[in-house]
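Heads up: the sequence shown is residues 1 to 362, going by UniProt numbering.
Positions of the beta carbon are idealized from the N, C-alpha and C atoms, including for glycine.
Quantities reported herein were computed from a predicted structural model and do not represent experimental measurements.
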Amino acid sequence: MPPGEALLPATVLLPLQSALRAFFDGPDSLGGSFELLGPARRAEVLANYLCGSSQDSSSSFSPLPAAEAQPPPPATQRKQRRALLTGCFDLTHAGHYNALRQAKAAFPGEDVILVAGVHSDEAIENAKGAPTVLQHDERLEMVKACRWVDEVAGDLPYAVPVSLLDRLGCDVAVHGDDLPRAPGGGGLFDEVRAAGRLHIVKRTEGTSTTMLIGRLLSMSKDHLPKQSAEEKVLDSPQLVSNEALASMASVTPISAPTWTLLPTMSRMALFYSDRPRYLSAAKRVVYAPGEWDLFHVAHVRFLQRARQLGDFLVVGCYDDETIHRKKGKNYPLQTLHERSLNVLACRHVDDVLLGAPWQVTK
Numbered sequence: 001m002p003p004g005e006a007l008l009p010a011t012v013l014l015p016l017q018s019a020l021r022a023f024f025d026g027p028d029s030l031g032g033s034f035e036l037l038g039p040a041r042r043a044e045v046l047a048n049y050l051c052g053s054s055q056d057s058s059s060s061f062s063p064l065p066a067a068e069a070q071p072p073p074p075a076t077q078r079k080q081r082r083a084l085l086t087g088c089f090d091l092t093h094a095g096h097y098n099a100l101r102q103a104k105a106a107f108p109g110e111d112v113i114l115v116a117g118v119h120s121d122e123a124i125e126n127a128k129g130a131p132t133v134l135q136h137d138e139r140l141e142m143v144k145a146c147r148w149v150d151e152v153a154g155d156l157p158y159a160v161p162v163s164l165l166d167r168l169g170c171d172v173a174v175h176g177d178d179l180p181r182a183p184g185g186g187g188l189f190d191e192v193r194a195a196g197r198l199h200i201v202k203r204t205e206g207t208s209t210t211m212l213i214g215r216l217l218s219m220s221k222d223h224l225p226k227q228s229a230e231e232k233v234l235d236s237p238q239l240v241s242n243e244a245l246a247s248m249a250s251v252t253p254i255s256a257p258t259w260t261l262l263p264t265m266s267r268m269a270l271f272y273s274d275r276p277r278y279l280s281a282a283k284r285v286v287y288a289p290g291e292w293d294l295f296h297v298a299h300v301r302f303l304q305r306a307r308q309l310g311d312f313l314v315v316g317c318y319d320d321e322t323i324h325r326k327k328g329k330n331y332p333l334q335t336l337h338e339r340s341l342n343v344l345a346c347r348h349v350d351d352v353l354l355g356a357p358w359q360v361t362k
């Protein structure tokens with residue numbers, strides 16, 4: 001090819017440049033993570049975009065024939081499945097949210113309608129011997145704010161029989177691999193398991209309501225010595241679940257915590273994926289920094305109002321050392337990783353800034 005001569009004619013080059021510009025300016029660029037992909041995957045993403053994008057009919061640059069492009073089937077052709085995941089959702093934490101996320105993604109290729117079932121206060125007290133920390137309405141509101149939940153059913157019994165699935169119009173029950181058992185020894189999901197309507201997801205390690213209660217009880221070294229906190233948790237069967245009993249064998253003060261929910265990029269990516277909004281398309285970005293420790297209904301309501309001020313909400317999470325320095329040795333009760341996962345699970349939040357600075361500058 002002679003020097004200075006273009007590789008492609010202008011009739012092809014100009015539409016191609018326009019299409020590439022639209023790709024990198026729009027949501028198809030994977031929200032800014034395109035550069036993190038490997039060369040082969042980047043080429044595949046670009047090829048799929050260019051081959052499937054609509055072009056001006058007057059341009060000589062046109063997409064591949066439909067047979068070669070192989071577009072996905074319309075959503076109306078996808079099977080719809082209603083899944084029920086029940087829980088207490090007391091002191092809602094990353095383990096709860098991860099279970100809801102897994103339930104929503106449990107059946108690839110299908111449109112999953114996730115129904116989150118919240119046990120009644122009476123059912124929980126009868127099963128565990130003591131009232132919950134949060135009231136039913138608070139627990140219900142926290143579950144409604146989760147981005148993976150489509151519907152919420154409240155005041156549910158502790159057991160999940162087939163009749164409950166049928167009453168809620170659900171095809172299957174979903175639960176973690178720590179299936180609860182009734183005081184008499186029977187399994188609370190035995191009936192739906194026998195009917196082939198139970199799907200098991202992996203329990204999230206290193207986090208539970210029991211562990212959070214243990215941290216609350218041991219947070220003041222002056223008024224609650226280590227041994228006293230241990231006795232109060234272990235002597236209260238309503239606070240100790242089977243899956244957390246071993247981890248609660250020793251309760252340490254918050255100033256010297258032993259964290260077991262290890263931060264991984266894969267888990268963060270799973271919590272962040274499938275966002276409906278993109279920063280590149282935002283017209284008014286709102287920033288809301290905070291601690292977000294023990295994520296609760298006041299946090300959710302504040303974030304909902306903050307989101308209404310613009311079309312993209314970025315939430316800043318202070319790091320553990322900053323909170324420790326500003327509030328004292330007993331804080332935070334949850335690590336930056338735990339707190340950021342809770343915030344990412346909120347349907348009002350678009351992105352999270354980890355280790356946000358204490359002072360906000362321009």
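In this chain, the alpha helix (DSSP H) harbouring Thr322 covers 320-327.
Around the C-beta of Asn126, fewer than 16 other C-beta atoms lie within 10 Å, and the residue is accordingly described as exposed.
Between Leu84 and Cys146, the CB-CB gap reaches or exceeds 9 angstroms. Taking all protein chains in view, the Cβ of Asp90 is crowded by 16 or more other Cβ atoms within 10 Å, so the residue is classified as buried. For Tyr287, the enclosing beta strand (DSSP E) starts and ends at 285-290. Of all C-beta pairs linking the segment 101-116 to the segment 128-137, fewer than three are shorter than 8 angstroms, placing the two stretches out of contact. Beta-bridge partners of Cys88 (DSSP): none assigned. Gly176 and Gly355 have their C-alpha atoms some 31 angstroms from each other.
In this structure, Arg277 keeps its C-beta atom at 9 angstroms or more from the C-beta atom of Phe302.
Sequence-distant Cβ neighbours of Ile323 in its own chain, meaning closer than 6 angstroms and more than five residues away, are Glu291, Tyr331, Pro332.
The secondary-structure analysis by DSSP pairs Val360 with nothing; it has no beta-bridge partner. Secondary structure note for Asp350: it is in no beta strand (DSSP E), with a DSSP letter that is neither H nor E. By the Cβ rule, the segment 110-118 does not count as touching the segment 190-209, because fewer than three pairs are nearer than 8 angstroms. In the structure shown, Gln135 adopts coil according to DSSP, grouped into three states.
Within 10 angstroms of the beta-carbon of Gly109 lie fewer than 16 other beta-carbons, which makes it exposed. Of Ala153, Arg305, Pro357, Arg339, the smallest CA-CA separation from Lys326 is found for Pro357. In this structure Leu336 is not in contact with Asp350, their Cβ atoms being roughly 19 angstroms apart against a cut-off of 8 angstroms. In this structure Val314 is buried. Its beta-carbon is surrounded by 16 or more other beta-carbon atoms within 10 angstroms. Each residue's CA atom was taken as its position, placing Val152 and Lys144 some 6 angstroms apart. Annotation: the segment 128-200 contains the following complete segments of the alpha helix (DSSP H) (minimum length 4 residues), in chain order: 136-144, 162-167, 190-194. Judged by their CB atoms, Pro157 and Glu191 are not nearer to each other than the 9 angstroms cut-off.
According to DSSP, Phe312 shares a beta bridge with Val285. Annotation: the continuous alpha helix (DSSP H) that includes His96 extends over 94-104. According to DSSP, residue pairing for Ile113 in a beta bridge involves Arg82. When DSSP states are grouped into helix, strand and coil, Leu354 belongs to the strand group. Rounded to the nearest whole angstrom, the CA to CA distance from Gly87 to Val118 is 5 angstroms. Inclusion of Arg82 and Val172 in the CB contact set at 9 angstroms is warranted, their separation being smaller than that value. The Cβ atoms of Ser340 and Cys317 lie closer than 9 angstroms to each other. Spatial neighbours of Ala282 in its own chain (CB-CB distance under 6 angstroms, excluding positions within 5 residues in sequence) are listed in chain order as Asp311, Phe312.
Closest in alpha carbon position to Gln304, among Ser273, Val343, Glu338, Leu294, is Val343. For the set Gln359, Asp121, Val300, the Cα lying nearest the Cα of His348 is the one of Val300.
Distances from the CA of Arg181 to each of Arg197, Leu168, Ile124 were compared; the closest alpha carbon is that of Ile124.
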